[in-house]
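Protein chains in written order, with this note's numbering: chain F, 1207 to 1567; chain E, 1207 to 1567; chain P, 1207 to 1567.
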Amino acid sequence: MTQMRKLVNVADMKRDWWDDLYSRCRDIIARPGVYADSCRGKILASMFYEPSTRTNFSFQAAAQRLGAGVFGFSDPVGTSASKGETLADTIRMTAAYSSTIVIRSPQEGSATAAALYSEVPIINAGDGGHSHPTQTLTDLTTIAQKRGSIGNIRIGLCGDLKHGRTVHSLVEAMEMFPNISFYLISPHELRLPDYVLDRMKNVEQNFIESETLIDCIPELDILYMTRIQRERFKDAGEYRRLKDVYVLTKKMLDGAKKDMQIMHPLPRYGEIATDVDTDPRAAYFEQARYGMLIRMALLLEFMHLPREHPPITENDPDAAPGECVNPACITRSDTYLPRLVSRSGIDRCGYCDKKVSEMLL
Amino acid sequence: MTQMRKLVNVADMKRDWWDDLYSRCRDIIARPGVYADSCRGKILASMFYEPSTRTNFSFQAAAQRLGAGVFGFSDPVGTSASKGETLADTIRMTAAYSSTIVIRSPQEGSATAAALYSEVPIINAGDGGHSHPTQTLTDLTTIAQKRGSIGNIRIGLCGDLKHGRTVHSLVEAMEMFPNISFYLISPHELRLPDYVLDRMKNVEQNFIESETLIDCIPELDILYMTRIQRERFKDAGEYRRLKDVYVLTKKMLDGAKKDMQIMHPLPRYGEIATDVDTDPRAAYFEQARYGMLIRMALLLEFMHLPREHPPITENDPDAAPGECVNPACITRSDTYLPRLVSRSGIDRCGYCDKKVSEMLL
Amino acid sequence: MTQMRKLVNVADMKRDWWDDLYSRCRDIIARPGVYADSCRGKILASMFYEPSTRTNFSFQAAAQRLGAGVFGFSDPVGTSASKGETLADTIRMTAAYSSTIVIRSPQEGSATAAALYSEVPIINAGDGGHSHPTQTLTDLTTIAQKRGSIGNIRIGLCGDLKHGRTVHSLVEAMEMFPNISFYLISPHELRLPDYVLDRMKNVEQNFIESETLIDCIPELDILYMTRIQRERFKDAGEYRRLKDVYVLTKKMLDGAKKDMQIMHPLPRYGEIATDVDTDPRAAYFEQARYGMLIRMALLLEFMHLPREHPPITENDPDAAPGECVNPACITRSDTYLPRLVSRSGIDRCGYCDKKVSEMLL
């Protein structure tokens, strides 16, 4: 297979690649001392165009545990990026100094754009609401570690399923594994979007939708909690009513399986009561540690890839002229980027995945 | 003895522990090359909820000189901590990624609270006006290095003795060493607080109070200068009058012992004239270096301790309900913390050491 | 020769020193693996009193590729420096923790001042409009790498030659090499200053002045582009007219030599069109990488120098009392600095190089 040089979307992950990655992760867990020098002389560039403490710390710790150095910013204020340099130029400079680049940005498609100009591998650490694949790797690793393998489970996804990038990615990644049943637990107005449900049907993933957390709990092997953000509701009263229904408390665990695992991408803001923290089923703090460990496995692969001039990417000849309608798309600010369209069923913007039919013509 | 897993207060330091620590420090000074790899693969988390350049740099340098990596923040702006995550959750995440956590905070008792939730050792790098034990280690190391040992000295403490956390801690730490005489040199309104003087009497520490620096100088083996902050005075004229009396100049050293050592925690803002800097008795710049070296010895111990789940801490059953009256106490913002009381003579808040009789009942 | 302990000005570089440095750089390029541990246990202090992403990242990457650690700030907000500590005290503290200090400051002469108080080597990473010698090293390395050696070339310098510190330094450094011809390409109002032209005549450097880029291109071995800043023009219309004349496009390369090299200190803001980027003559992205590599060679030298008390510097007895007239000179804020005058033909301020005749008497 072609050597993977970027991790930008969940769709970049294939089963073989995951199996290799996870097997490396298991060895890192088993024999940490062996890896302390494995990226000696290598450098991670950590470019956070918006703050994300957890992801940032996790990558910095991962790189340094392998013996690599780290430079970068956790906020673009005062960088040349903030002074009007293009993303392309900033990436070329950063690639000149580093062995792998991690990029986090509020602009969707940033990591795809970065990869067009980088001599070193690119990792997407979150580009707006679009994609955050190392969070998905974290989730898969936690499930695999706590259960021995990923197949044959009933997983409850609870909270705001409409806006939750984390949940959409996890559902997509689960296509790689056999016999997964989903319990989709949310208020009606925060259901999984139809296009996700349609894809689940297409690939024959089992799911049940429910509005009640407590009723589903006894069935679950994994309960994945997510945040319900106040700003998603037009009506404050509606928010207060729903919020409490989706708060997990120790008492609600009475009917749960003894080996159910409770996960959460963190940070939480009340959707898991603190009395759950001491329950042996609470896996969300370990999840953070698995996130660092799987990132070590990823960096170990990417940092050793040879430096390579990226091929010159031209405009897609069939792409309509004009720009993406998505105001958060990287092509809106970085207008020199080649026009790209991805074609898989529906034509989509090659950066942010917005439907082309919605692009300006 | 029980393995120490945190350094939060001066009271945590026992003589045996200090002797071990200092002996390790001496070996680091004697054979620096031996230690360049001694914390390879380890990570220091450096969490500065308020800026403190000197302490922060000193820990970062110490960790890296041992081969460890460092991540963290020097200011909490833009971190998830600043977005409302609890200290407990932030600490659990940070501990997942690191081998030891250094925490600096304006909130008193933060480090004690952090230690309740951390799988890795906690070092207090200053929690408000409460405690800053590695400054005390710095001072002890400087005295030991410049004089060969710490006992049998006359030490002058000069400046604002009322508010100076550094001075209170040094006096307390000196209880471990024999035959120390203190010259307490300050304006009357900035005398050592009565509770410190009472403790000195209880443990039979010798002291003399004086308002005049110049008269004491000939007696001293160590002169420890501290800052007099303008904001401590109601009357600006009073400030100007007193300020100059407590400024050390080269001329004032005429009557001093040839081997007297001048110390200062730095930064200084005028209380030692720059013409003193080239005097061989000026030890305050070396003091900064000793601060890094003793922190290396401390990190060398802590970074190799095994990861351990902290025991679950319950409310002290005898603690009165309610909250600490100290508005700077960590329990005021982090209300989920278990109620703790420390009982040694007087009952005190288990976090900030404020008297329980002053707690709300 | 005396061991060099600071790199502050281009005048500090001698031909022998450059030859040694560059030969070390070539070996680092040839055998990178050999150097991954060569500064193990060493620490770079990176003190950026104003942001400069590129220079900062480049030094951080360089140090860590040699196995050294890094601490510092990329912006002085919240540091004790920003709270009123003198530069001298900040430097003494920083030197206590580090093996080499890199300093960037908007105040001219800062690095010279820093070197008076530092026990470790000082590198000037830019002090206002005054000096930025590692940019010059970057330029020399790029020329040497792309052409095999530095002598016998025709080099075009294009853009704002009046204000460009980069260009002035490059011209000065080129005095070390034989048979260099300069094409000085700029609008009349942005010509090289007379004092630079006078020095070129004195040392018999060949040069031609021109207002037209396109006419010079066929003659050149190197074309060094620089930015024309809008704020240099009183008249916005004049700016718009001139700006486009000095923008390099792919089309303009038709008449250029096949092996001409295009350089730029970066960041660029439009003065090289992006269609030039894929031309094989575009060397400006490689230039960034050479900048890191030559900084590795420099750090490798400096980090291994023994710690040394700087000699006490007294006021120059012949220096007039008073202060430098340059409002950006470090002596204006740090008034304790000894008065220094450098005498080479014209007497100049020993910090910022402003003529003494312009100093207040």
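The beta carbon of each residue, even a glycine, is placed where N, CA and C say it ideally should be. If you're wondering where the values come from, they're calculated on a predicted model, not measured in any experiment.
- Query: How many Å lie between LEU1448(E) and GLY1365(E) at the Cα?
  - Reply: Along the second sequence, one-based indexing puts residue 1448(E) at 242. Along the second sequence, one-based indexing puts residue 1365(E) at 159. Their backbone Cα atoms lie some 10 Å apart in a straight line.
- Item | Span separating the alpha-carbon of TYR1323(F) from that of SER1539(E) | For the purposes of this step, residue 1323(F) is taken as residue 117 along the first sequence, with counting starting at 1. For the purposes of this step, residue 1539(E) is taken as residue 333 along the second sequence, with counting starting at 1. In a straight line, the C-alpha of TYR1323(F) is about 46 Å away from that of SER1539(E).
- Task: Please name the residues in the segment 1441-1475 of chain F whose beta-carbon is closer than 8 Å to at least one beta-carbon of chain E, in chain order.
- Result: LEU1472, PRO1473, ARG1474 and TYR1475
- Output, in chain order, the set of chain C residues within a Cβ distance shorter than 9 Å of ILE1249(F). Here the protein chains are F, E and P, and chain C is not one of them.
- Query: Does any residue of chain F bring its CB to less than 8 Å from the CB of THR1306(E)?
  - Reply: Taking the first residue of the second sequence as 1, we reach residue 1306(E) at position 100. No, THR1306(E) does not count as interfacial toward chain F.
- Message: Can you find the residues in the same chain that come closer than 7 Å, C-beta to C-beta, to ALA1503(E), ignoring five residues on each side of it along the sequence?
- Response: Mapped onto the second sequence, residue 1503(E) falls at position 297. Excluding residues within five positions, the ones whose Cβ falls inside 7 Å are LEU1227, ARG1230, CYS1231 and ILE1234.
- Item | Of the listed residues GLY1332(E), TRP1224(E) and MET1299(E), nearest to PHE1265(E) (C-alpha basis) | Here residue 1265(E) is taken as the residue at index 59 of the second sequence, counted from 1. Taking only the C-alpha atoms, the option nearest PHE1265(E) is GLY1332(E).
- Query: Given ARG1513(P), which residues of its chain have a CB within under 7 Å of its CB, disregarding the five upstream and five downstream residues?
  - Reply: The count along the third sequence starts at 1 and reaches residue 1513(P) at position 307. Taken in chain order, the residues that qualify are GLU1325 and VAL1326.
- Can you pull the chain E residues whose beta carbon is under 7 Å from the beta carbon of THR1571(F), in chain order? Examination of residue 1571(F) is not possible in this model, given that chain F is present from 1207 through 1567 alone.
- Is there contact here, the segment 1459-1468 of chain P with the segment 1435-1444 of chain P, by at least three beta-carbon pairs under 8 Å? With fewer than three CB-CB distances shorter than 8 Å, the segment 1459-1468 of chain P does not count as touching the segment 1435-1444 of chain P.
- Query: Does ALA1302(F) come within less than 8 Å of chain P when only Cβ atoms are used?
  - Reply: Numbered from 1 along the first sequence, position 96 holds the residue referred to as residue 1302(F). Yes - at least one Cβ of chain P is within 8 Å of the one on ALA1302(F).
- Message: Can you determine whether any heavy atom of the ligand FMN sits closer than 7 Å to the C-beta of LEU1293(E), and answer yes or no?
- Response: Inclusion of the ligand FMN in the displayed structure is not the case, the ligand content being empty and no account of it being possible.
- Message: Could you check whether PRO1282(P) and ALA1255(P) sit closer than 8 Å to each other, using their CB atoms as the reference points?
- Response: Counting from one through the third sequence, the residue named residue 1255(P) turns up at place 49. Counting from one through the third sequence, the residue named residue 1282(P) turns up at place 76. As written in the sequence, residue 1255(P) is Tyr, which differs from the Ala given in the question. In contact: TYR1255(P) and PRO1282(P) (Cβ atoms closer than 8 Å).
- What does DSSP give as the partner residues of GLN1411(E) in its beta bridges? Mapped onto the second sequence, residue 1411(E) falls at position 205. The partner list for GLN1411(E) (beta bridge, DSSP) is empty, contrary to what the question assumes.
- Nearest candidate by alpha-carbon position, reference ASN1521(F), set LEU1506(F), ARG1545(F), MET1509(F) and ASP1450(F): Numbered from 1 along the first sequence, position 315 holds the residue referred to as residue 1521(F). When only C-alpha atoms are compared, the closest one is ARG1545(F).
- Query: Name the chain P residues that come within less than 7 Å of PHE1491(E), Cβ to Cβ?
  - Reply: Here the question's residue 1491(E) lines up with position 285 in the second sequence. ARG1298 and ALA1302, listed in chain order.
- Taking THR1494(E) as the query, report the chain P residues whose CB atoms sit under 8 Å from its CB, ordered along the chain. Mapped onto the second sequence, residue 1494(E) falls at position 288. In the sequence as displayed, the identity of residue 1494(E) is Ala instead of Thr. The answer, in chain order, is ARG1298, MET1299, ALA1302 and TYR1303.
- Query: ALA1274(F) and ILE1307(F): beta carbons closer than 8 Å?
  - Reply: As a first step, residue 1274(F) must be located in the first sequence, where it is residue number 68. As a first step, residue 1307(F) must be located in the first sequence, where it is residue number 101. The answer is no: Cβ separation not under 8 Å.
- Item | Other residues of its chain near THR1292(F): CB distance less than 7 Å, five sequence neighbours each side excluded | Along the first sequence, one-based indexing puts residue 1292(F) at 86. The residues are ASP1540 and TYR1542.
- So is LEU1567(E) buried or exposed if we call it buried at 16+ other beta carbons inside 10 Å? On the second sequence, position 361 is the one that residue 1567(E) refers to. Its pLDDT being 42, under 50, LEU1567(E) is placed unreliably by the model, and nothing is read from it.
- Task: Pull up the CB-CB distance for MET1219(F) and PRO1384(F), whole angstroms please, since I reckon it's below 8 Å.
- Result: Here residue 1219(F) refers to the residue found at position 13 when the first sequence is read from its first residue. Here residue 1384(F) refers to the residue found at position 178 when the first sequence is read from its first residue. That belief does not hold up - the Cβ atoms of MET1219(F) and PRO1384(F) are roughly 16 Å apart, past 8 Å.
- Item | Burial state of SER1252(E), where buried means 16 or more other Cβ atoms lie within 10 Å | Within the second sequence, numbered from 1, the residue matching residue 1252(E) stands at position 46. With a threshold of 16 other beta carbon atoms within 10 Å, SER1252(E) meets it and is buried.
- Task: Report yes or no: do the segment 1489-1502 of chain F and the segment 1450-1457 of chain F share at least 3 C-beta pairs separated by less than 8 Å?
- Result: no
- Message: So that I know if they touch, is there some Cβ in chain P lying closer than 8 Å to that of THR1347(E)?
- Response: The residue you call residue 1347(E) lines up with position 141 of the second sequence. No, no contact with chain P.
- Does the segment 1349-1366 of chain F come close enough to the segment 1422-1432 of chain F that 3 or more CB-CB pairs lie under 8 Å? yes
- Task: Indicate whether at least one CB of chain E lies closer than 8 Å to the CB of GLY1357(F).
- Result: Translated into positions along the first sequence, residue 1357(F) becomes position 151. Output row for GLY1357(F): interface = no.
- beta strand (DSSP E) containing TYR1228(E): first to last residue? Looking up residue 1228(E) in the second sequence gives position 22. TYR1228(E) -> not in any beta strand (DSSP E); alpha helix (DSSP H) instead, spanning 1221-1236.
- Item | Bridge partners - ALA1251(F), DSSP secondary structure assignment | On the first sequence, residue 1251(F) is found 45 positions in, with the first residue counted as 1. In the DSSP output, where bridge partners are listed per residue, ALA1251(F) has PHE1277(F) and ILE1307(F).
- Message: On the CB-based measure, 16 or more other CB atoms within 10 Å of its CB, does ALA1236(F) come out buried or exposed?
- Response: Taking the first residue of the first sequence as 1, we reach residue 1236(F) at position 30. Per the 10 Å Cβ criterion, exposed.
- Item | Endpoints, beta strand (DSSP E) assigned at VAL1547(E) | Taking the first residue of the second sequence as position 1, residue 1547(E) is located at position 341. Taken as a continuous stretch (DSSP letters only), the beta strand (DSSP E) holding VAL1547(E) covers 1547-1550.
- DSSP state of GLU1314(P), grouped into three classes? What you label residue 1314(P) is simply residue 108 of the third sequence in a count that begins at 1. Here GLU1314(P) sits in strand by DSSP.
- Item | Under 8 Å (Cβ pairs) to chain F, residues found in the segment 1512-1534 of chain E | ILE1518
- Which term fits GLU1395(F), buried or exposed, when burial requires 16 or more other beta carbons within 10 angstroms of its beta carbon? As a working note, residue 1395(F) is residue 189 in the first sequence. Exposed, since its Cβ has fewer than 16 Cβ neighbours within 10 Å.
- Query: On the three-state DSSP scale, how would you describe LEU1543(E)?
  - Reply: Looking up residue 1543(E) in the second sequence gives position 337. In the three-state reduction of the DSSP assignment, LEU1543(E) falls in the coil class.
- Message: Just to confirm my understanding: we take LYS1560(E), look at its own chain, exclude 5 residues before and 5 after, and list those with CB closer than 7 Å. What are they?
- Response: Start at 1 with the first residue of the second sequence, and residue 1560(E) comes out as number 354. Counting only Cβ-Cβ distances below 7 Å, and skipping sequence neighbours, we find CYS1530, VAL1531, ASN1532, CYS1535 and ARG1554.
- Task: Can you pull the chain P residues whose beta carbon is under 7 Å from the beta carbon of ARG1310(F), in chain order?
- Result: As a position in the first sequence, residue 1310(F) is number 104, starting the count at 1. Those do not exist, as ARG1310(F) stays about 16 Å from chain P at its closest Cβ, beyond 7 Å.
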